[in-house]
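2 protein chains.
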Amino acid sequence: MHKITEIGMEHDVLHENHKLAHENYHMLEHHNIVSIDFMGSIGSGKTAMIIKLAEILRGKGKKVAAIAGDVTGEDDFKRMKESGITAINCNTGHECHLDAHMIRNTLKKIDLDGTDVLFIENVGNLVCPADFPLGTEKRVVVISVTEGDDMVRKHPDIFHKADVAIVNKTDIAEYVDVDVNVILDDYKKLTGGNKKMIECSVKTGKGLDDVIKALGL
Amino acid sequence: MHKITEIGMEHDVLHENHKLAHENYHMLEHHNIVSIDFMGSIGSGKTAMIIKLAEILRGKGKKVAAIAGDVTGEDDFKRMKESGITAINCNTGHECHLDAHMIRNTLKKIDLDGTDVLFIENVGNLVCPADFPLGTEKRVVVISVTEGDDMVRKHPDIFHKADVAIVNKTDIAEYVDVDVNVILDDYKKLTGGNKKMIECSVKTGKGLDDVIKALGL
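Protein chains in written order, with our numbering: chain A, 1 to 217; chain B, 1 to 217.
So this is what it looks like as structure tokens:
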């Protein structure tokens, strides 16, 4: 997080966010919406995963909406929309993460009674989104093998805070000289051996069933 | 950047950073050190690039030092050290970017008279480091083809602010279905057609001569 020199300021920002996240949570719960916050770095495959999961869920008769969070632009939003998802774009302007206030405003644009599942794609960043829960039922962190085998060791906070952790693009691990087992072991150690990171390849379809199960969808 | 509700606070933080960056700049200039800030997302290959460039520069008789910036841990620092670079670790604790104050403190640990080139590896993030110049002579942004072809469109600010832009891992573009020309064209458009992004593969060595030249090393 950015250095905020006045004592108490950082705390106030986080406290305010938690309060609004709590309100979002109850609003989503009231409408029986299963909501998921997808966190993860740039290029980890969050958009492709949301598109693929939405496709599977539509096949089961579920109504899926998504919020595409980005600093600027409409790339992810357009990809989601073209795939058939009811999508809303949410540009943060300058912020490196979504926050509960942005989500509260964006929820006003969504037909909540006509939605079963809401996917929120956070800004590509493995640091700050961890501090700003949005009020979703679950928080997911998606990493890609292309980021190297040290992602868990370098960003323990987000892996601690996420309910579900996914390592994506395992199909190209050999081309980037990454041993997926190192990542899986780091996560296991970090979470005390109780939680297992899901191995996944959105491209080949590997692990998507496990993701659906872990998210309770 | 994080939402800072009190008016003027964001400005103060940035203003203070610019002042310290200015001091760092003059300190490095006084010691005849060529200094480079490597910005870029997680897994873009910043560490590998610094190690490779340092190897080439050592071959030319230059004394290279590096600062490894990370939220936590010593992974990049250790890789640099093992490769023979005089490296200093700089953990930000919770910040998603280095700032000029951190660098000023870290410079105290470096033998400036015994250094010709200083590489600073920023925290993996394509948003916030852009706002916090460190006082280096040049700022570089490194992206990887694995991040997708929309990186320039999604993060115009950092590409505007960097003196040199590099797209890395072009050797595996075909495995991640990315057309490098889309990235190159976006950068050309963004910078008014005057600047060219360097195509590079640290793994194969492609483009490293162009990087050395662009950085004036």
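From the three backbone atoms N, C-alpha and C, an ideal C-beta is built for every residue, glycine too. Remember, predicted model here, so these are calculated numbers, not experimental data.
Beta-carbon contacts of Asn-17/B that lie in its chain and below 6 Å, excluding the five residues immediately before and after | Position 17 of the second sequence, counted from the start, is the residue given in the question as residue 17/B. Contacts found: Asp-99, Ala-100, Phe-132.
For Asn-168/B versus Val-202/B, is the C-beta spacing smaller than 8 Å?
-> Taking the first residue of the second sequence as position 1, residue 168/B is located at position 168. Taking the first residue of the second sequence as position 1, residue 202/B is located at position 202. Cβ atoms of Asn-168/B and Val-202/B: closer than 8 Å.
Given 8 Å as the limit, is there contact between the stretch 87-96 of chain A and the stretch 53-73 of chain A, that is, 3 or more CB pairs closer than that?
-> yes
Are at least three pairs of beta-carbons, each pair with one atom in the stretch 202-216 of chain B and one in the stretch 146-154 of chain B, less than 8 Å apart?
-> Counting Cβ pairs under 8 Å, fewer than three are found: no touch.
For Asn-89/A, name the three-state secondary structure that DSSP assigns.
-> To locate residue 89/A, count along the first sequence from 1; it is residue 89. Asn-89/A: strand per DSSP, three-state reduction.
According to DSSP, is Val-117/B helix, strand or coil?
-> Here the question's residue 117/B lines up with position 117 in the second sequence. Three-state DSSP puts Val-117/B in a strand.
From the DSSP output, which residues share a beta bridge with Ile-36/B?
-> If you number the second sequence from 1, residue 36/B lands on position 36. Per DSSP, Phe-119/B, Lys-138/B.
Chain A beta carbons: is any one of them nearer than 8 Å to that of Ile-88/B?
-> Position 88 of the second sequence holds residue 88/B. No - not a single Cβ of chain A is within 8 Å of the one on Ile-88/B.
With 16 other CB atoms within 10 Å as the buried threshold, where does Glu-95/A fall?
-> Start at 1 with the first residue of the first sequence, and residue 95/A comes out as number 95. It counts as buried.
Mind listing the chain B neighbours of Met-197/A? Cutoff is C-beta to C-beta under 7 Å, in chain order.
-> For the purposes of this step, residue 197/A is taken as residue 197 along the first sequence, with counting starting at 1. In chain order: nothing, as chain B lies at least about 16 Å away.
In whole angstroms, what separates the C-alpha of His-15/B from that of Glu-82/A?
-> Within the second sequence, the letter at position 15 stands for residue 15/B. Within the first sequence, the letter at position 82 stands for residue 82/A. His-15/B and Glu-82/A: Cα-Cα distance of roughly 43 Å.
Nearest-angstrom Cα separation, counted from Ala-66/A out to Asp-179/B | Within the second sequence, numbered from 1, the residue matching residue 179/B stands at position 179. Within the first sequence, numbered from 1, the residue matching residue 66/A stands at position 66. Each residue's Cα considered, the two are about 27 Å apart.
Would you list the residues sitting across from Asp-70/A in a DSSP beta bridge?
-> Position 70 of the first sequence, counted from the first residue, corresponds to residue 70/A. Asp-70/A is bridged to Asn-91/A.
For chain B, is any of its Cβ atoms less than 8 Å away from the one on Ser-201/A?
-> To locate residue 201/A, count along the first sequence from 1; it is residue 201. Not an interface residue.
So which residues on chain B does Leu-107/A lean against when the C-beta distance must stay under 9 Å?
-> Numbered from 1 along the first sequence, position 107 holds the residue referred to as residue 107/A. Simply none; closest approach about 18 Å.
Amino acids of chain B, ordered along the chain, whose beta-carbon sits closer than 8 Å to that of Gly-73/A | For the purposes of this step, residue 73/A is identified with residue 73 of the first sequence, where counting begins at 1. Ordered by position in chain B, the residues that pass the 8 Å Cβ test against Gly-73/A are Asp-150, Arg-153, Lys-154.
Partners in chain B for Gly-70/A, counting only beta-carbon separations shorter than 8 Å | On the first sequence, position 70 is the one that residue 70/A refers to. What sits at residue 70/A in the sequence shown is Asp, not Gly. Those within 8 Å of Asp-70/A in chain B are Lys-154.
Compute the Euclidean distance between the alpha carbons of Thr-115/A and Val-127/B, then round it to the nearest angstrom.
-> Numbered from its first residue, the first sequence carries residue 115/A at position 115. Numbered from its first residue, the second sequence carries residue 127/B at position 127. Going by the C-alpha atoms only, they are around 32 Å apart.
Compare the beta carbon distance of Ile-198/B and Ala-173/B with 8 Å and say whether it is the shorter of the two.
-> Taking the second sequence and counting its residues from 1, one reaches residue 198/B at position 198. Taking the second sequence and counting its residues from 1, one reaches residue 173/B at position 173. It is not a contact, given that the beta carbons lie outside the stated cut-off.
Pull up the DSSP beta-bridge partners for Glu-199/B, would you.
-> Counting from one through the second sequence, the residue named residue 199/B turns up at place 199. Beta-bridge pairing links Glu-199/B to Val-167/B.
Name the two residues that bound the continuous alpha helix (DSSP H) containing Val-211/A.
-> Your numbering for residue 211/A matches position 211 in the first sequence. Start and end: 208-214.
Identity of the residues DSSP links to Asn-125/A by a beta bridge | In the first sequence, counting from the first residue as 1, residue 125/A sits at position 125. Gly-40/A.
CB contact flag (Arg-104/B, Glu-23/B, <8 Å) = Position 104 of the second sequence holds residue 104/B. Position 23 of the second sequence holds residue 23/B. Yes; because the gap between Cβ atoms is below 8 Å, this pair is in contact.
State yes or no: is the C-beta of Thr-170/B nearer than 7 Å to some heavy atom of the ligand GDP?
-> The model on display carries no ligand, and the ligand GDP is accordingly not part of it.
If the cut is a Cβ gap below 9 Å, which residues of chain A does Ile-172/B touch?
-> For the purposes of this step, residue 172/B is taken as the residue at position 172 of the second sequence. The contacting residues are Thr-146, Ile-172, Tyr-175, Val-176.
Exposed unless 16 or more other CB atoms sit within 10 angstroms - verdict on Asn-125/B | If you number the second sequence from 1, residue 125/B lands on position 125. Buried, by the Cβ-count rule.
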